[in-house]
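All remarks here apply to the structure that follows.
Residue numbers (our numbering), protein chains in the order written: chain A, 1 to 385; chain B, 1001 to 1332.
Written out as structure tokens, the structure is:
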């Protein structure tokens, strides 16, 4: 491995011929091209992205060119590629393409238009939810990996405890007790900053260590993982007002544990690396070491798991919509098209198969792309080409 | 000459569950301005710990500075807080590490890393920064720096990486460079180049160099003064010629005798019997006595004091000091 920088070991004469140098992106692209399936995944992903964007453009606004919510009762459950019966439709009801590309549903709405509208929802749910989960995961994993051995002191636990109970009383209406507890918490926090207290015989116990940061965070991760997350999401979504953003946030906040574990593991090994010590010896501070030196080194597995996580989030959203907890109607998503269609599965199989296949293909493409990305980001494979 | 760095009776302990490893057990040494000082010793004798201690990079816990002073420009570094230390690291005291392969961050270009080393301490414009970075690369002898500046560490050879590390260390014109076995991981030919580079840079910039190594060949090339360490204590110190030609400590003599000589081709290489004691279970008395051919009963109980041979040549072996008048040839 060490000396594969082939053309740079023997220093060429100043103006002599030098082998062409490739940038990081070029190298990545070459690796990508070798992996046909990953390339396919990428192409489908890009297509899907473009489709979703045009879908938003075509189906939104007051007079959309393709209206997903236009009801044409006489034209219900028409199979894909059928031509509209022009006699029963008003001119504005005729689909923009001239045919029902993917058929119509039980209200005569154009499934193609609804699929287009739903594509954007799936995409944003995937990206935003995974974005949230990756951010939380990196933060938690990074703290746990880098500061893991630090102890949480008694005073912090007490402050937190009083504050929690205090706010609990405040919200439940017991204002005096709540305010008193919050005040104790604040006073304790302020007192803890006094250096002299550290050696005081009665108050020294406040600064004794209880448990490590690592224990705190990783046991919390374990607890989160113990919940069957789909049912947790169901419960939370049932309690919150139905909205696409709530779903994104809830999916994001229930799926960060894997990322946190990844990042923690990476940080534990990176922390001991020489280049981290070298950076510290140059006077680089902790935050800069974490964000500039360690996270870029730890990001590869996170990116891979994120790509696969996007597929998972799309599936979760589809599942929620299928169960009727997802995006509120009349907005279409792939999940609720599927769920509405299941009642007509024998009469109108396209209502279930079209969104089903769409989900299958998109999720599959994300997974393939994710695996390809793992190969690309692996520096051991990189240098060979 | 002015004393730049003065380590006085430094004690660094590492606490285990039941044991305390005394990695440094009262080490004192000075580095003067513009001088090259070598710390010599076997693996595990505390050389690296003493370097890390200067920069306050000892992991705490389990490490702990149990006593002593580190005076740099007359100021005790042990009294400084983390933020003040960060200002000193890199800008006034820089360090070059042993493994050039792993001491560079694999995801950034060489240029980015050198620039960062400067930017941490100084705020200068991009153009000037770039120019300074190129100049540093030229100074450390990297050919066509305009090209190399865009390279990632894995594209460079070991020697070039070590040169980059040196360039990073020199980024802010430090007064003191600590080099922790910078040539150990390199080929002999590259070693020589790096040593010459150090010598050249030192002449040019007038900085002090604290060079940590186990390789006496290297020492004989560059050192002004030498400190020989064993099991967390300095056992002998003095000018280069005094240590190399007229060593007065059995350990140093053993090290010197272990060097392969071209003249003694075919003979068996000398080696010091035994190994460095576990820092958690050091022998009583002189730490070297279990391996020492001169050991007498006193060595087992009494920690040896420093014996003065004049001209700064001190040795922690009263046995040899007692024999100094009638010693005909202490070197075997």
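Just so it is clear, CB atoms sit at the ideal spot from N, CA and C, and this is done for glycine as well.
What residues in the region 292-306 of chain A bring their beta carbon closer than 8 Å to a beta carbon of chain B? 292, 293, 296 and 297
Beta carbons nearer than 8 Å to chain B: which residues of the region 261-286 of chain A have them? 273, 274, 275, 277, 278, 279, 280, 281, 282, 283, 284 and 285
Should residue 1180(B) be labelled buried (16 or more other beta-carbon atoms within 10 Å of its own) or exposed? Locating residue 1180(B) in the second chain gives position 180, counting from the first residue. The residue is buried, with at least 16 neighbouring Cβ atoms inside 10 Å.
DSSP puts residue 1239(B) in a beta bridge; with which residues? Along the second chain, one-based indexing puts residue 1239(B) at 239. For residue 1239(B), which the question treats as bridged, DSSP gives the partners 1225(B).
C-alpha distance - residue 277(A) paired with residue 1123(B), whole-angstrom precision: Taking the first chain and counting its residues from 1, the one referred to as residue 277(A) is at position 277. Taking the second chain and counting its residues from 1, the one referred to as residue 1123(B) is at position 123. Near 23 Å, if we compare the C-alpha coordinates of residue 1123(B) and residue 277(A).
Quick one: grab the DSSP three-state call for residue 1109(B). Here the question's residue 1109(B) lines up with position 109 in the second chain. DSSP places residue 1109(B) in coil when its eight states are reduced to three.
Determine whether the Cβ of residue 114(A) lies closer than 9 Å to any Cβ atom of chain B. Along the first chain, one-based indexing puts residue 114(A) at 114. So no, residue 114(A) is outside the interface.
Whole alpha helix (DSSP H) runs in the region 1031-1114 of chain B with 4 or more residues, listed along the chain? 1047-1054 and 1082-1088
Using only alpha-carbon positions, find the residue among 255(A), 297(A) and 93(A) that is nearest to residue 110(A). Residue 110(A) sits at position 110 when you count from the first residue of the first chain. Residue 93(A) is the option with its Cα nearest to residue 110(A).
Mapping DSSP to helix, strand and coil, what is residue 66(A)? Along the first chain, one-based indexing puts residue 66(A) at 66. It is coil, neither helix nor strand.
Please classify residue 1133(B) as buried or exposed, where buried requires at least 16 other C-beta atoms within 10 Å of its C-beta. Residue numbering aside, residue 1133(B) sits at position 133 when the second chain is read from its first letter. Residue 1133(B) should be labelled buried.
Going by Cα to Cα distance, which pick from 1223(B), 1212(B), 1219(B) and 1147(B) is closest to residue 1046(B)? Here residue 1046(B) is taken as the residue at index 46 of the second chain, counted from 1. Closest option to residue 1046(B), Cα to Cα, is 1212(B).
CB contact check: residue 30(A) to chain B, cutoff 9 Å: One-based indexing of the first chain puts residue 30(A) at position 30. So no, residue 30(A) is outside the interface.
Quick check: what's the CA-CA separation for residue 1314(B) versus residue 1141(B)? Here residue 1314(B) corresponds to residue number 314 of the second chain, with the count starting at 1. Here residue 1141(B) corresponds to residue number 141 of the second chain, with the count starting at 1. Taking the straight line from one Cα to the other gives about 38 Å.
Taking 9 Å as the CB-CB limit, is residue 288(A) close to chain B? Position 288 of the first chain, counting from 1, holds the residue named residue 288(A). Judged by the 9 Å Cβ criterion, residue 288(A) is in contact with chain B.
Tell me whether residue 1261(B) is buried or exposed, calling it buried when 16 or more other Cβ atoms sit within 10 Å of its Cβ. The residue given as residue 1261(B) occupies position 261 in the second chain. Exposed.
Within the 9 Å Cβ cut-off, does residue 1116(B) reach chain A? Sequence index remark: in the second chain, residue 1116(B) carries index 116 (1-based). Interface residue, yes.
For residue 1172(B), does the three-state DSSP call read helix, strand or coil? As a position in the second chain, residue 1172(B) is number 172, starting the count at 1. Coil at residue 1172(B), not helix or strand.
Looking at residue 1259(B): is its Cβ nearer than 9 Å to the Cβ of residue 1195(B)? Translated into the one-based positions of the second chain, residue 1259(B) becomes position 259. Translated into the one-based positions of the second chain, residue 1195(B) becomes position 195. For residue 1259(B) and residue 1195(B), no; Cβs fall outside 9 Å.
Beta-carbon of residue 1236(B) versus every beta-carbon of chain A: anything under 9 Å? Here the question's residue 1236(B) lines up with position 236 in the second chain. No, because no Cβ of chain A sits closer than 9 Å to the Cβ of residue 1236(B).
Shortest alpha-carbon distance to residue 363(A) belongs to which of 34(A), 25(A), 35(A) and 44(A)? Along the first chain, one-based indexing puts residue 363(A) at 363. Among 34(A), 25(A), 35(A) and 44(A), the Cα nearest to that of residue 363(A) belongs to 44(A).
With burial defined as no fewer than 16 other Cβ atoms inside 10 Å of the residue's Cβ, what is the status of residue 1200(B): buried or exposed? What you label residue 1200(B) is simply residue 200 of the second chain in a count that begins at 1. Looking at its Cβ environment, which holds fewer than 16 other Cβ atoms inside 10 Å, residue 1200(B) is exposed.
Rounded separation between residue 1164(B) and residue 1110(B) - CA only: To locate residue 1164(B), count along the second chain from 1; it is residue 164. To locate residue 1110(B), count along the second chain from 1; it is residue 110. Taking the straight line from one Cα to the other gives about 7 Å.
DSSP on residue 202(A), reduced to helix/strand/coil? Numbered from 1 along the first chain, position 202 holds the residue referred to as residue 202(A). Residue state, collapsed to three classes: coil.
Step through the CB atoms of chain B and report whether any lies within less than 9 Å of the CB of residue 75(A). Taking the first residue of the first chain as 1, we reach residue 75(A) at position 75. False, the Cβ-Cβ gap to chain B never drops below 9 Å.
Along the chain, where does the alpha helix (DSSP H) that runs through residue 1254(B) open and close? Residue mapping note: residue 1254(B) aligns to position 254 of the second chain, counting from 1. Run containing residue 1254(B): 1250-1257, per the alpha helix (DSSP H) assignment.
Along the beta strand (DSSP E) that carries residue 153(A), what are the first and last residues, could you check? Along the first chain, read from residue 1 onward, the residue named residue 153(A) stands at position 153. It spans 151-153 - the beta strand (DSSP E) in which residue 153(A) sits, taken as one unbroken run.
Kindly indicate which three-state DSSP category residue 1330(B) falls into: helix, strand or coil? As a first step, residue 1330(B) must be located in the second chain, where it is residue number 330. Its pLDDT being 45, under 50, residue 1330(B) is placed unreliably by the model, and the measurement read from it follows with that caveat. Reduced to three states, the DSSP call for residue 1330(B) is coil.
Please state whether the Cβ-Cβ distance between residue 1055(B) and residue 1030(B) is less than 9 Å. Position 55 of the second chain holds residue 1055(B). Position 30 of the second chain holds residue 1030(B). Taking 9 Å as the Cβ cut-off, residue 1055(B) and residue 1030(B) do not qualify as a contacting pair.
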